[in-house]
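>
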Amino acid sequence: MPFASHAHVTRDADLPNITIHCEHVKPDVVLIHPPSVFDFRERSIVYGPISDVIPSTPVFEMYPIGFLTLAAFLRRHGYRVRIVNLALRMMRSRRFQPEAFLRKQKPKLFGIDLHWLPHAQGGPAVAALLKQIHPEIPIVFGGISATCFHRELIDDPSVDFVLRGSVTEPSLLALVRELEGERRFEDVPGLTWKRGGEVIVNPDAVLPASLDDFDFDLGMMIREVVRHLDFWTSAPFQAWWRHPITAVFTVRGCARRCVTCGASSSAFRRFMPGHHPLLRSPEAIATQVRKLAQITRTPIFLVGDLRDGGKAYASAVIDALARVPVSNRIVFEFFDPPDRDLVQRIDAAILNWGAELSPESHDESIRALLGKARFTNARMEEAIEAMLASRCRQLDLFYMIGLPGQTTANVMTMVDAIEQLFIRFDRRLSAFITPMAPFVDPGSDGFADAESHGYRLRARTLVEHRALLETDNWESMLNYETEWMTRAEMVEATYAAAERLNDLKRRYGRISDRRAAGVDIRRRAAREQRGEQRASTEGTLNDKAELFEPGTFLRNFRLGGILRMLAGAFFSAPPRLRVNRSSVQSRAT
Ligand code: B12
Ligand code: SF4
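In terms of the working numbering, the sequence shown opens at residue 6 and continues consecutively.
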């Protein structure tokens, strides 16, 4: 059954399927999230498990969370911003016509994200369509991949601007002001643009000292949904209303150096302006947690390992969280095993908590080659023991296929090692194995200096990645193979490991027989076709509900909190006040 005619969509029964637009409120900026492959509905693509441990489907319909911080920042300065999750609208209905929808949008500026490289086909394709229907409206790209490939992207005739950087809010504001003012684009920091045939790369923007000024505004988000009576155009991903996971982004960039990561310290030094990691203050993290807990009951993930900000910073965050007790589960991310002291501090401060630890491999030598962290398995088991001896409610371990030094035999030994952990520890401990797919990140050490890390790259440029995305199965989409495993071997090892792991989870009570049987059916079907033909919301290696527990709208959300926030947002609606860039005076518009 080709995906071409069956974009699989799970309807959320408890949500009205209505979209009413108030056309009279014309946004100044429309931020568009494209599908990974624009014409995915017309193609027959065997996707495979490229999105099994994230909420999105292989269409990668989740937009960068930065859309929310960009929108909040611009709104604070008097501009109207609309977020359009085009990928999600296209997934939800075959009848949805992107062209007709985009024709009605007439902002001053369109923004498209090329944050994740898997949108290398969809992003430029949406830009081409927009240029065709609105040749007079400029288009700006932004995001990590757009920054990495800014020179190649700006050569695309549909692209007018690329904003480079990990914190682009002030530059986007400056760009909008220039568009409605004197059009002195050379004054916009971090902008790559063209004047006539000439490409101009402006100096980088200066990064702020902290992330505290760049937050999303929950009240405004809810107000936008209510104002448009549109639950889908700006929803972050397909199944969000059923499991609205929430997160606080504690950091931009990273202190670690994973060979395959495009946001590692060395990767960002290569192409991302400014000094990273950039932290959010402990107070700002706690405030965001409190606000999220006012409207949802779902787990709140703290993205980033707090210890990378230093021991004192991690302690300060935990103390700040203790001052705003919430009933939601707070999920901590650990890049290497936490010591007993930290576990005890968390346990004393937080009522309901869980953790994610990503050893990536059971093999200490492979971990060393990957470069995230060096630690022994004994140390990891000690940490697991400490966490499970505390009130930690859930501990998920993440492993990967496609690592330096890893062979098929080594992958299977990894499953044996996980079984030993299942035997030793209780059901709160679970584990996931996914392939690194579809790409080794651009700009990463493994991309920039592939051979010395044992990678063989099949694509380097944006155009070459676009071509890979236009192939019809996940094996041929991979932009790499390794000295130790071919692409075919990685595909086989992925399914073989998943089959055993699913069985172990069933045997050791991590998942029910029913859930395990469901995964088995989906994986067998996928394996036979070497993938998964529909962009399904369900995983083929694991069940996504293992990670993101679904619930009804009323179970997930706190209606009272939403109404209070909504009332607050309406009463504090931002004035149409715009500050002139070149003067300290402000003018009301
Ligand atoms: C949290 C996270 C996630 C979350 C999603 C968060 C989200 N919705 O943004 C989850 C876990 C779901 C996820 C999934 C994936 N991720 Co991820 N993720 C991260 C992580 C750890 C942090 C990102 C972050 O903190 N962002 C901070 C927010 C506030 O800023 P932002 O979204 O980056 O936006 C700012 C700028 O980028 C820019 N910007 C972004 N878009 C636009 C658009 C315009 C027009 C403009 C002007 C500016 C702009 O301005 C924003 C504000 O200043 C990074 C690693 C890292 N340390 O950075 C990887 C990272 C970004 N992810 C990566 C990858 C590969 C993926 C997946 C493809 C993996 C997969 N195969 O499943 C998926 C794609 C998901 C999808 N689209 O559906 C790679 C990207 C490499 C690349 N160049 O392609 C990274 C760098 C590292 C990694 N390997 O994990 N990810
Ligand atoms: S993959 Fe490694 S380098 Fe990249 S964000 Fe995660 S810990 Fe940091």
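From the three backbone atoms N, C-alpha and C, an ideal C-beta is built for every residue, glycine too.
(1) Residues bridged to M405 by DSSP?
(2) Bridge partners for W358 per DSSP, in chain order?
(3) Going by Cα to Cα distance, which pick from V322, E174, K109, L93 is closest to V253?
(4) Contact defined as beta carbons within less than 8 Å: I believe Q411 pairs with I371. What is the distance between those atoms, to the nearest angstrom?
(5) V206 lies in the beta strand (DSSP E); which residues open and close that run?
(6) Can you give, in chain order, each stretch of the beta strand (DSSP E) that sits fully within the region 44-94 and has at least 3 residues?
(7) Sorted by chain position, which residues of the same chain lie with C-beta nearer than 7 Å to A18's C-beta, five sequence neighbours on each side aside?
(8) When you measure from the CB of G573 to every non-hydrogen atom of ligand 1, does any distance come out below 6 Å?
(9) Under 6 Å from any heavy atom of ligand 2, does the C-beta of A179 make it?
(10) Beta-carbon separation of I406 and V420 under 7 Å?
(11) Pair every Cβ in the region 114-129 with every Cβ in the region 140-151, then say whether three or more of these pairs are closer than 8 Å.
(12) For the 8 Å Cβ check, are there 3 or more pairs between the region 373-382 and the region 346-359?
(13) I need the DSSP call for G367, collapsed to helix, strand or coil.
(14) Could you work out which residue in L196, R328, F380, R398 is closest to P208 when comparing CA atoms only?
(15) Examine ligand 1 and report whether any of its heavy atoms sits within less than 6 Å of the Cβ of S239.
(16) Just to confirm, does A268 get its C-beta within under 6 Å of one of the non-hydrogen atoms of ligand 1?
(17) Does the distance from the CB of A161 to the CB of R85 come in under 7 Å?
(18) What residues match up with E486 in a beta bridge as DSSP calls it?
(19) Using the C-alpha atoms, what's the distance from C263 back to E386?
(20) For T439, count neighbouring Cβ atoms within 10 angstroms of its own Cβ and tell me buried if that reaches 16, exposed if not.
(21) Report the start-end ranges of each alpha helix (DSSP H) in the region 127-171 that is 4 residues or longer and not cut off at the edges.
(22) Quick one: give me the first and last residue of the beta strand (DSSP E) that F306 is part of.
(23) From R463 to M441, what does the alpha carbon distance come to, in whole angstroms?
(24) Touch check for the region 39-46 and the region 85-98: three-plus C-beta pairs under 8 Å?
To lay it out plainly:
(1) T439
(2) I335
(3) V322
(4) With 8 Å as the limit, Q411 and I371 qualify as a contact, their Cβ atoms being about 6 Å apart.
(5) 203-206
(6) Listed in chain order, the beta strand (DSSP E) elements of length 3 or more contained wholly in the region 44-94 are 86-90.
(7) Low local confidence applies: a pLDDT of 40 at A18 is under 50, so the model's placement there is unreliable, and no value is given.
(8) no
(9) no
(10) In this structure, V420 does not lie closer than 7 Å to I406 by Cβ.
(11) yes
(12) no
(13) Correcting the residue type first, residue 367 is His in the shown sequence and not Gly. The answer is coil: DSSP assigns H367 none of H, G, I, E or B.
(14) Measuring from the Cα of P208, the nearest candidate turns out to be L196.
(15) For ligand 1, not one heavy atom lies less than 6 Å from the Cβ of S239.
(16) yes
(17) Before going on, a small fix: residue 161 reads as Asp here, not Ala. Cβ distance not < 7 Å, so D161 and R85 don't count as in contact.
(18) R461
(19) 22 Å
(20) buried
(21) Segments of the alpha helix (DSSP H) lying fully in the region 127-171: 127-138, 149-153, 155-159.
(22) 305-308
(23) 15 Å
(24) yes
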